[in-house]
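Reading through the structure tokens given below for one structure.
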Amino acid sequence: MSSRTPIMAGNWKMNLNHLEAIAHVQKLAFALSDQDYDGVDVAVLPPFTDLRSVQTLVDGDKLKITYGAQDISAHDSGAYTGEVGGPMLAKLKCSYAVVGHSERRQYHHEDDALCNAKVKAAFKHGLTPILCVGEGLDVRKAGNHVAHTLAQLDGALADVPAADAETLVIAYEPVWAIGTGEVATPEDAQEVCHAIRGRLGELYDTELADKVRIQYGGSVKSGNVGAIMAQPDVDGALIGGASLDVDEFVKIVRFRD
Ligand code: PEP
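Numbering (our numbering) for the sequence shown: -10 to 246.
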């Protein structure tokens, strides 16, 4: 039985303005307040513009909900128009920063070297990176999904020291399953999450590999989360679309029911 605490993180993507975020988090906090979800870490990942509002709610209410950003600049500050740096996110008391989401890799051409710099930036400022890796449909069809995903992992973790890496969260997200309604089978998720843990053992050691939490992401819903979470190397989920529906997200958090 794994000693890793499951982590359910809602990636809102580019949805909910700061007022909607307040309503959403209040509803979520209320829904979770009379629910038993002890032993599960719950995080929301709103757009940058919502973080201050979410911080205020979480600070004030001592909610057990944590929050983080959907991206982080590789730079601390300076002439990088449009970017948001680690010191700013740390000041907002973010716990997490997503790095290398497939939508950033696809639409903003983020490569493994940039993900590596962002992982390091997150750690430098006390944030836990949620590092996203995963293959597209063509790679899956060619049977190269494990090798492709492990290469992304190698690139993103180059020169990341063990003391940092052991606190990492990794999200295995097959791109063909994100926002498509296509969900990988629990066995598909387990195959790659197991391979990721194996690679962490090679890059570092098995003790560290055992500590790292690996999420599955891709059309997770209340109806499929139980089977996915039953896999020994899956420690949580990164949830996009379904995280915008509070009732559905709460059911996912309570996957043990
Ligand atoms: C995501 O945004 O990381 C994601 C997995 O989205 P969805 O759950 O909508 O597939």
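Don't be surprised by glycine CBs; every beta carbon is placed ideally from N, CA and C. Just so it is clear, the structure is predicted and the values come from calculations on it, not from any experiment.
C-alpha gap between residue i and residue j, whole angstroms
| i | j | result |
| --- | --- | --- |
| Val122 | Ala20 | 31 Å |
| Ala18 | Gly132 | 42 Å |
| Asp143 | Glu180 | 18 Å |
| Val43 | Phe37 | 10 Å |
| Ser(-9) | Ala68 | 45 Å |
| Asn4 | Ile11 | 13 Å |
| Asn6 | Asp39 | 6 Å |
| Lys2 | Lys82 | 19 Å |
| Lys130 | Val87 | 27 Å |
| Tyr161 | Asp222 | 11 Å |
| Gln59 | Asp194 | 29 Å |
| Asp236 | Ile119 | 24 Å |
| Val128 | Pro163 | 10 Å |
| Gln220 | Tyr96 | 31 Å |
| Asp199 | Leu46 | 34 Å |
| Met77 | Pro35 | 15 Å |
| Ile241 | Phe112 | 28 Å |
| Lys53 | Val33 | 11 Å |
| Arg186 | Leu8 | 39 Å |
| Lys16 | Arg(-7) | 28 Å |
| Ile61 | Ile228 | 19 Å |
| Leu146 | Gly168 | 27 Å |
| Asp234 | Leu192 | 38 Å |
Residue from the options with nearest C-alpha to residue i
| i | options | result |
| --- | --- | --- |
| Val214 | Ile203, Ala184, Asp236 and Arg245 | Arg245 |
| Ile159 | Ser211, Arg188 and Tyr69 | Arg188 |
| Gly264 | Asp194, Asp236, Ser232 and Arg94 | Because residue 264 is not part of the residues shown, which for the chain are -10 to 246, the question remains open. |
| Lys107 | Ile167, Leu157 and Arg243 | Leu157 |
| Gly190 | Leu139, Thr117, Ala102 and Cys104 | Leu139 |
| Ala63 | Gln220, Asp101 and Thr45 | Asp101 |
| Thr55 | Val31, Arg41 and Ile61 | Val31 |
| Lys210 | Val239, Gln220 and Lys200 | Val239 |
| Arg243 | Glu9, Asp27 and Leu8 | Asp27 |
| Arg202 | Lys113, Thr117, Met77 and Ser91 | Thr117 |
| Glu252 | Ala166, Asp234, Glu9 and Ala154 | Here the chain has residues from -10 to 246 only, and residue 252 is not among them. |
| Ala(-2) | Tyr85, Ala147, Ala166 and Lys109 | Tyr85 |
Contacting residues, own chain, Cβ-Cβ under 6 Å from residue i (five flanking each side not counted)
| i | result |
| --- | --- |
| Gly170 | Ser208 |
| Ser66 | Gly74 |
| Pro(-5) | Val29, Asp224 and Gly225 |
| Tyr205 | Tyr161, Ala178, Ile217, Val223 and Ala226 |
| Ala166 | Val172, Ala173, Gly207 and Ser208 |
Beta-carbon contacts of residue i that lie in its chain and below 8 Å, excluding the five residues immediately before and after
| i | result |
| --- | --- |
| Gly115 | Ala79 |
| Val135 | Glu180, Val181 and Ala184 |
| Gln141 | Gly89, Asp101, Cys104, Val122 and Gly123 |
| Arg41 | His7 and Leu81 |
Neighbour-count burial assignment, residue i, 16 or more Cβ in a 10 Å radius
| i | result |
| --- | --- |
| Met218 | buried |
| Gly230 | buried |
| Gly71 | exposed |
| Gly212 | exposed |
| Pro150 | exposed |
| Pro178 | The residue asked about is misnamed: residue 178 is Ala in this sequence, not Pro. Buried is the call here. |
| Glu92 | buried |
| Gly57 | buried |
| His13 | buried |
| Ser232 | buried |
| Ile176 | Note that residue 176 corresponds to Glu in the displayed sequence, not to Ile. Answer is exposed; the Cβ neighbour count stays below 16. |
| Ala152 | exposed |
Contacting residues, own chain, Cβ-Cβ under 7 Å from residue i (five flanking each side not counted)
| i | result |
| --- | --- |
| His137 | Glu124 and Val128 |
| Glu99 | Gly89 and Arg93 |
| Lys109 | Val149 |
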